[in-house]
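Position 65 of the first sequence, counting from 1, maps to 66 under our numbering, and the rest follow consecutively. No residue lacks a Cβ here, since even glycine has one placed at the ideal position from N, Cα and C. The next block holds one structure in the form of structure tokens; read it before the comments.
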Amino acid sequence: MKWTHTYIPTLRDAPADAELISHQLLLRAGYIRRLAAGVYIYLPLMQRTLRKFSQIVREEMDAAGAIEITMPVLAPSAVWKKSGRYDTVGHIQMRLKDRGKREMILGGTHEEVVTTLITGELKSYRQLPINLYQIQAKFRDEIRPRFGLLRAREFIMKDAYTFDADQESHSKSYQKMVEAYFKVFERAGLDTKKVEADTGDMGGEGAHEFMVIVDTAGGEDTVFFCNKCDYAANVERATFRDSTPPDPDEKELPLEKIETPGASTIEQVTGFLKVDARKLAKTLIYKADGEMVAVMIRGDRELNEVKLKNHLGAKELEMAGPEMVEKLTGAPVGFAGPVGLKGAKIHIDNELALLKNFIVGANENDSHYLNANLGRDFESVGQGDLISASDGELCPACGAESGGKLWSKRGIEVGNTFMLGTKYSKSMDAKFLGADGKQQPFIMGSYGIGITRTAQAAIERYHDDKGIIWPKAIAPYLVEIVPLNYEDEKLRAAADKVYSELTSAGFDVLLDDRPERAGVKLNDADLIGLPIRVTIGAKSLKEGKIEIKARSESEMILASLEDSVLVVRKMLEKLR
RNA sequence: CGGGGUGUGGCGCAGCCUGGUAGCGCACCUGCUUUGGGAGCAGGGGGCCGGAGGUUCGAAUCCUCUCACCCCGACCA
Numbered sequence: 002m003k004w005t006h007t008y009i010p011t012l013r014d015a016p017a018d019a020e021l022i023s024h025q026l027l028l029r030a031g032y033i034r035r036l037a038a039g040v041y042i043y044l045p046l047m048q049r050t051l052r053k054f055s056q057i058v059r060e061e062m063d064a065a066g067a068i069e070i071t072m073p074v075l076a077p078s079a080v081w082k083k084s085g086r087y088d089t090v091g092h093i094q095m096r097l098k099d100r101g102k103r104e105m106i107l108g109g110t111h112e113e114v115v116t117t118l119i120t121g122e123l124k125s126y127r128q129l130p131i132n133l134y135q136i137q138a139k140f141r142d143e144i145r146p147r148f149g150l151l152r153a154r155e156f157i158m159k160d161a162y163t164f165d166a167d168q169e170s171h172s173k174s175y176q177k178m179v180e181a182y183f184k185v186f187e188r189a190g191l192d193t194k195k196v197e198a199d200t201g202d203m204g205g206e207g208a209h210e211f212m213v214i215v216d217t218a219g220g221e222d223t224v225f226f227c228n229k230c231d232y233a234a235n236v237e238r239a240t241f242r243d244s245t246p247p248d249p250d251e252k253e254l255p256l257e258k259i260e261t262p263g264a265s266t267i268e269q270v271t272g273f274l275k276v277d278a279r280k281l282a283k284t285l286i287y288k289a290d291g292e293m294v295a296v297m298i299r300g301d302r303e304l305n306e307v308k309l310k311n312h313l314g315a316k317e318l319e320m321a322g323p324e325m326v327e328k329l330t331g332a333p334v335g336f337a338g339p340v341g342l343k344g345a346k347i348h349i350d351n352e353l354a355l356l357k358n359f360i361v362g363a364n365e366n367d368s369h370y371l372n373a374n375l376g377r378d379f380e381s382v383g384q385g386d387l388i389s390a391s392d393g394e395l396c397p398a399c400g401a402e403s404g405g406k407l408w409s410k411r412g413i414e415v416g417n418t419f420m421l422g423t424k425y426s427k428s429m430d431a432k433f434l435g436a437d438g439k440q441q442p443f444i445m446g447s448y449g450i451g452i453t454r455t456a457q458a459a460i461e462r463y464h465d466d467k468g469i470i471w472p473k474a475i476a477p478y479l480v481e482i483v484p485l486n487y488e489d490e491k492l493r494a495a496a497d498k499v500y501s502e503l504t505s506a507g508f509d510v511l512l513d514d515r516p517e518r519a520g521v522k523l524n525d526a527d528l529i530g531l532p533i534r535v536t537i538g539a540k541s542l543k544e545g546k547i548e549i550k551a552r553s554e555s556e557m558i559l560a561s562l563e564d565s566v567l568v569v570r571k572m573l574e575k576l577r
């Protein structure tokens, strides 16, 4: 392809509204343009990258026995009402009314639609297992679209759904998808980590996320990894063993109220009383589905709202504002405590149940209690793991034996796999006849790969200060030929020759035939980030040589004009 | 939805406070020169200043309403 025959509108300045480097590069290098908040046009280079990555996904899905179909993007809201998700995911669904005032939904995921399809079609265990997938545009009415394609309102996703007759078969289907995912990302040149994840609105019995680890601002998720074993989990889900547990033989001391003037934060209280934050208990007031709850965790910990939401089984969870806290406790924020607290049920974190003689707010301005004890001074209605892991804590899997520790990294989620169990098949009445002659619900799985977000994640992972550095498998073209002056007959002839030879050899080649200055072309070549650049200039051509350089490497190979195919092929083999 | 901010030519911005009929850099067009990392000179095209209403002799500028977009938060792949 010649540059002037396609459309690559590069920009010298990045549009001001792009935050992430990957988002800026997509705009600057002429891959995407914004149409509305979170809605993007994919320009020719992007189109090619998306097509290449989709093809990899398609090949690996097919190889894993999945069957490609296309379901409609538009669906009646009725199917969502049937599964019960109309209410739980409603806030993020793109909804509209047709001319008959029927409410429709632009799909963000297709569990309901695929389950509707299967119901009544698949009647026997003999027809199972089955795995159906599609690659298409998805819609989510994001509360706040941002980061370009990473949080868009319209995006492209591969979604697959498995139906199995029993748990054992489901586990096999699930494992097949996990393996296919590793192959997909490896082929795309991306190192991904599989981590345990919360199931969120999707529901079901468990989930994993596939993460591209980055050290840039684009890392949207925090993930914990063990340094001794392969434990890995999203912070939403990660558990850990306390590295400094309290003394279990400590004797209970008498409750004592003390003055703590102006000490409303953990730092202030620990500073004032000269005690460790581990001897404090934070009492946090939340509103869960309209009811007030008090949540107690140790002073040195962070509450994990995802875990709390799961623990309470709440649909809506929000931290109480200062007025609500004052109304409930009778004291300003910072002095809430469990002793004598009325109007809110108390839930405590597991760690707190082991703690004795801790310090709590007294529900009174400038006052705390010393030596509070669970059971003696107050009661809780629920207990569970409610706090987030933190760096340096012991691994929940191997920490007890080998002393493995957890360390966090930032990642971008590019794929996910859900063990849905029978959540949808039961609620939507999707059943088959088992070998025992009895009706039973399908055991389902759901598996997503974000096509557009993976492309951006690759850029967030692979770039430098000059531009994108594509992995070869998802680069829009493999080679860019840059004749420094295409108007010069000799350079033009050499460029055309290299172009036709590389093209005949089967490489995707882009030839920059623009009448631009050398500097502009070289900078644009670095910007759009094709794996290999062939530079053709007067100086080396005089010796019958052309220059071949990998975008990711600094050294350049001076090759003779005739060897272009050979050198390019050899160089490509070595590239990621 | 709460808080903050911005809308001026394709992109990046100044002008607004203190009203007088729009400017800079890049990009674009023409010509000449130039040609190995974002050229030089000369000439040129393009903006009803997001929209509506108001104040005023006069509004990009002041006031009201509205729309869009961005950032922080909640939410989320």
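CA nearest to the CA of residue i, picked from the options
i, options, result
"Leu434", "His24, Ile444, Tyr425", "Ile444"
"Lys491", "Gly545, Lys522, Asp466", "Gly545"
"Asp99", "Gly121, Gly85, Thr117, Ala76", "Ala76"
"Ala431", "Asp437, Thr423, Gly438", "Thr423"
"Arg242", "Gly204, Ser23, Gly400", "Gly400"
"Val483", "Gly322, Ile136, Pro516, Val296", "Pro516"
"Pro477", "Ala332, Leu44, Asp277", "Leu44"
"Asp564", "Lys498, Val521, Asp525, Leu511", "Lys498"
"Cys230", "Glu402, Asp513, Thr163", "Glu402"
"Gly538", "Leu562, Gly530, Ser553", "Leu562"
"Pro397", "Asp250, Asp466, Phe226, Ile529", "Phe226"
"Gly205", "Thr120, Met293, Arg86", "Arg86"
"Trp81", "Thr71, Ile68, Arg96", "Arg96"
"Leu46", "Ser125, Leu531, Lys540, Gly385", "Leu531"
"Tyr126", "Ala436, Ile214, Ser541", "Ala436"
"Tyr175", "Met572, Lys467, Ser447", "Ser447"
Same chain, Cβ closer than 6 Å to residue i, five either side skipped, listed in chain order
i, result
"Lys550", "Arg534, Met557"
"Val224", "Val196, Met212, Asn235, Lys410, Gly412"
"Ala19", "Gln25, Leu28"
"Pro10", "Gly31"
"Leu485", "Ala519, Gly538"
Collapsed DSSP secondary structure at residue i in the structure displayed
i, result
"Tyr126", "helix"
"Met178", "helix"
"Lys102", "coil"
"Glu380", "coil"
"Ser565", "helix"
"His369", "strand"
"Tyr583", "A query on residue 583 cannot be resolved here, the shown segment of the chain reaching from 2 to 577 and no further."
"Gln135", "strand"
"Arg454", "helix"
"His348", "strand"
"Gln94", "coil"
"Thr7", "coil"
"Ser555", "coil"
"Pro262", "coil"
"Leu387", "coil"
"Tyr463", "coil"
"Leu342", "coil"
"Met72", "coil"
"Arg242", "strand"
"Lys316", "coil"
"Asp160", "strand"
Sequence-distant residues of its chain with Cβ nearer than 8 Å to residue i (five each side left out)
i, result
"Val568", "Ile549, Ile558, Ala560"
"Gly344", "Met293, Leu329"
Residue i: CB within 7 Å of a non-hydrogen atom of the ligand NAP
i, result
"Ala166", "Judged by which ligands are present, the structure shown has none, so any question about the ligand NAP falls away."
Residues near residue i in its chain [Cβ-Cβ closer than 7 Å; skip 5 each side]
i, result
"Lys173", "none"
"Leu254", "Asn358, Asn372"
"Asp256", "A small fix is needed here, since residue 256 is Leu in this sequence, not Asp. Only Tyr370, Asn372, Ala373, Asp378 meet the Cβ criterion."
"Lys427", "Pro442"
Enclosing beta strand (DSSP E) for residue i [first to last residue]
i, result
"Phe54", "Per DSSP, Phe54 belongs to no beta strand (DSSP E); it is in the alpha helix (DSSP H), 45-64."
"Met2", "Counting along the chain, Met2 falls outside any beta strand (DSSP E), and DSSP gives it neither H nor E."
"Lys522", "Taken as a continuous stretch (DSSP letters only), Lys522 belongs to no beta strand (DSSP E), being part of the alpha helix (DSSP H) at 519-529."
Residue span of the alpha helix (DSSP H) that contains residue i, given as start and end
i, result
"Asn311", "306-313"
"Val499", "490-505"
"Phe148", "Taken as a continuous stretch (DSSP letters only), Phe148 belongs to no alpha helix (DSSP H), as it is neither H nor E."
inquiry  = Taking contact to mean 3 or more Cβ pairs, one atom from each stretch, closer than 8 Å, check whether the region 136-149 and the region 23-34 are in contact.
reply    = yes
ask   = Quick check: the region 279-289 against the region 253-264, are there 3 or more CB pairs under 8 Å?
value = no
query = Contact between the region 468-475 and the region 48-55: three or more CB pairs below 8 Å?
reply = yes
message = Check whether the region 175-183 and the region 371-387 are in contact - that is, three or more C-beta pairs closer than 8 Å.
response = no
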